[in-house]
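Notes follow once the structure below has been shown.
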Amino acid sequence: MSMEAQKQMEVQKQMEAQKRRSLQRNAPEHYQVTDRKFFIDSSNQSLTNIPSEIFSLKEIEEVHLENNQIVEIPQDIQYLKNIKVLYLHNNNLKSLCPELRELSKLEFLDLSDNPLLSCSLRVISCLRTLRELRLYRTGLKEVPTVICKALHHLELFGLSGNYLEALPKEIVNQAKLREIYLKQNQFVCFPQDLCVLSNLEVIDLDNNKLKAIPEEISQLEKLQKFYLASNNLPLLPDTLSQCSKLTVLDLTQNSLHSLPSTLEKLSLLTEVGLSGNRLEKMPSLLCRWTSLILLYMSNIGLRRLQRNFKRLVNLRFLDLSQNCMEHFPLQVCALKNLEILALDDNKLEQLPSSLGSLSKLKTLGLTGNYFQTFPEEIFSLPSLEKLHFGQDQGCKLSILPENINILQNLKELYIENNDLEQLPESLGSMPNLEVLDCRHNRLKELPNAICHARGLRELLLEDNLLIRLPSDLDHLINLKVLTLTKNPMQDPPMEVCDQGNEAIWKYLKENRIKKQMATKIQAWWRGIMVRKGFGSFEELLKARKKGKGSPKDKKGKKAEKGKPAKENKK
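Counting from 410, one number per residue, gives the positions in the sequence shown under the working numbering.
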């Protein structure tokens, strides 16, 4: 998982947690007194207008209308005098009505993902109690100066996903600002006026065009999270080391060749992103950041790790993918708390016997290396839940060992882009397996035992040589995703497979019923043969093959031989 994905998940969790807290705080049993109502959630309902009933709820404090198709805010919004939270993100609003200014107690406003006209934003400046304002992806080319002049209580200002090249100088009025999000804009120069906002704790400037960070960054002594991924930074100022409370520093995808030695003072860092830079060797100061929990060093030209790397005993996530490592770095085996290790797309040929010391490891990425066979050392990782062994480059596996079921906690197995012709029967005895990715192999059939892997949710089989499926595959009641494209399927035929799981399950059930009926008929016929004295069914078959009659016919012939011959009448 990239640092960007990690951050998005964190933001999403924060939003969900905030909404959850609101719901808990405002639960009906505590939240309603007689006819009074303080919270309403009308999100995700395809509304084109705000329901008029909402405006009659005079004491309402929190309204969720996000993810609808609302085209305007009516004048009656002014009657919600007590509203504190208004979420309208992801609608079709183009303008804001002047009556919005009457919401004198509003503290949280989200208008993100609306095609708003910038001229209509001026009314926001009248909402003097605002603490959080989100205007993500609203097409802004500049922030209305009047907003920065008038709003003095903002703690969070969200402006990501717009077309901003600069911030108005009046931003310096935001003395209480703690978080500012400017990701995916057009900043070439760092907004230097931010350096006077001494309460800033989070700055997000990912995906811009920054070429430098000013020396004055040192003034932000409360800065905790600094996101600078995907810019054009060739170096960092020494003064960044004075931001002593930094816990997160994301420098992914820049043009850094080295880090200032002064940064070793940042002893509180727990998350650092260096992926996609031009470092070529690991900065030695990294080993001083002993509080690190997440470290991203993908695609930086690494060949080896520093000897002191083993000091980072708190690491839980380590990304060393897309480097030039020919040998597994033994220092990693000393990181007892490691849970996720990515070594994909290196030049590894074997794993160390000490790998088992990573007793907490849950995810291991080894895709695109040079293993000739499946490394048995993996079996010493009993906690492993996800294994990535696809080979889009490097050597390809022809055999997956039968004892793969040693990994009883494995939930996801990715073995795509190999040369596997068959899968081990033991996969059926892995009760926790949920995802099996076998795409782009040479599989000719699936083991019948796969039908016992009842936890399977995804079975990815596209681009193989499969002709038929196991007849009991529909017993996998949790299977939601089954892909079979680019296989020469006959049973079921491809036209059935193209219709999806339900059609496949129906076909398999009908086929199974036909076979059961055929077996019953065969058993019935055998019974008749025996009862009529034709001997066992097997004897009858043997006799037919030799072109002889039945055993009963033989008895009849013997009886005829025992009779006296009849005399000819004259």
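Quick reminder that beta carbons are idealized off the backbone N, C-alpha and C, glycines included.
1) In the DSSP output, which residue or residues are listed as bridge partners for P902?
2) Is the beta carbon of R774 less than 8 Å from the beta carbon of D801?
3) Nearest to T892 by alpha carbon, out of D881, V905 and H884?
4) Along the beta strand (DSSP E) that carries K558, what are the first and last residues, could you check?
5) Give the straight-line distance between the Cα atoms of A436 and P460, rounded to the nearest whole angstrom.
6) Any chance you could list the beta strand (DSSP E) runs of at least 3 consecutive residues sitting entirely within the segment 478-534, in chain order?
7) What are the start and end residues of the beta strand (DSSP E) that includes E821?
8) Kindly list the residues whose CB is nearer than 6 Å to the CB of N850, restricted to its own chain and excluding five residues on each side of it in sequence; keep chain order.
9) How about N608 and K634: do their beta carbons lie closer than 8 Å?
10) Would you kindly work out how many angstroms separate the C-alpha atoms of K853 and P901, rounded to a whole number?
11) In the DSSP assignment, find the beta strand (DSSP E) that holds I749 and state where it starts and stops.
12) Please name the residue in R725, C696 and I702 whose C-alpha comes closest to that of H714.
13) Going along the chain, which residues of its own chain have a beta-carbon closer than 8 Å to the beta-carbon of Y779, five neighbours each way excluded?
14) Among Q593, I449 and A638, which has the Cα closest to the Cα of E684?
15) Could you check what DSSP says for K795 in three-state terms: helix, strand or coil?
16) Could you check how far apart the C-beta atoms of F726 and Q740 are, in whole angstroms? I think they sit under 8 Å.
17) By DSSP, does V597 sit in helix, in strand, or in coil?
18) Going by DSSP in three states, V581 sits in which element: helix, strand or coil?
19) Note the first and the last residue of the continuous beta strand (DSSP E) segment covering V657.
20) Are the segment 525-541 and the segment 485-492 in contact at 8 Å, needing three or more beta carbon pairs?
21) Would you call the segment 620-628 in contact with the segment 638-654, where contact means no fewer than 3 C-beta pairs closer than 8 Å?
22) Identify every residue that forms a DSSP beta bridge with G567.
23) How many angstroms separate the CA atom of R587 from the CA atom of L560?
24) Under 8 Å between the Cβ atoms of K558 and E579?
25) Suppose you measure from the CA of D519 to the CA of F599; what does that come to, to the nearest Å?
26) Given that a residue counts as buried once 16 or more other Cβ atoms are within 10 Å of its Cβ, and exposed if not, what is H736?
27) Of all Cβ atoms in chain D, is any one closer than 8 Å to the Cβ of A559?
28) Can you have a look at G548 and say buried or exposed, based on whether 16 or more other CB atoms are within 10 angstroms of its CB?
29) Assuming L509 contacts V532 under a Cβ cut-off of 8 Å, what Cβ separation, rounded to an integer in Å, is found between them?
30) Helix, strand or coil for D387? Go by DSSP, reduced to three states.
31) Please identify the residue among R863, L816 and T699 whose C-alpha is closest to the C-alpha of G765.
32) Beta carbon of N732, beta carbon of I709: below 8 Å?
33) What does DSSP give as the partner residue(s) for V602 in the beta ladder?
34) Report buried or exposed for E689, applying the criterion of at least 16 other Cβ atoms within 10 angstroms of its Cβ.
35) Have a look at N499, A858, L721 and N746 and flag the residue whose alpha-carbon is nearest the alpha-carbon of L694.
36) K654 to T679, Cα distance in whole Å?
Inspection of the coordinates gives the following:
1) Q899
2) Here residue 774 turns out to be Gly, not Arg, going by the sequence shown. It is not a contact, given that the beta carbons lie outside the stated cut-off.
3) V905
4) Not the beta strand (DSSP E): K558 falls in the alpha helix (DSSP H), residues T554 to A559.
5) Unreliable positioning characterises A436 in this predicted model, as indicated by a pLDDT of 40, which lies under 50. The coordinate reading is nonetheless provided below. Taking the straight line from one Cα to the other gives about 21 Å.
6) 494-496 and 517-519
7) E821 to Y823
8) N827, L829 and N873
9) no
10) 14 Å
11) I749 to A751
12) First, the residue type needs correcting, since residue 714 is Leu and not His in the sequence shown. Of R725, C696 and I702, the residue nearest in Cα terms is C696.
13) K756, L757, E758, G803 and C804
14) It should be pointed out that residue 684 corresponds to Ser in this sequence rather than to Glu. With distances taken between Cα atoms, S684 lies closest to A638.
15) strand
16) Not really, about 16 Å apart at Cβ, beyond 8 Å.
17) coil
18) helix
19) V657 to D659
20) no
21) yes
22) R543 and Y590
23) 14 Å
24) yes
25) 25 Å
26) exposed
27) Of the protein chains in this structure there is only one, and it is not chain D.
28) exposed
29) 5 Å
30) As shown, the chain starts at 410 and ends at 979. That puts residue 387 outside it, with no answer to give.
31) L816
32) yes
33) Sequence check: residue 602 is Asp here, not Val. DSSP output for D602 lists no bridge partner at all.
34) exposed
35) L721
36) 11 Å
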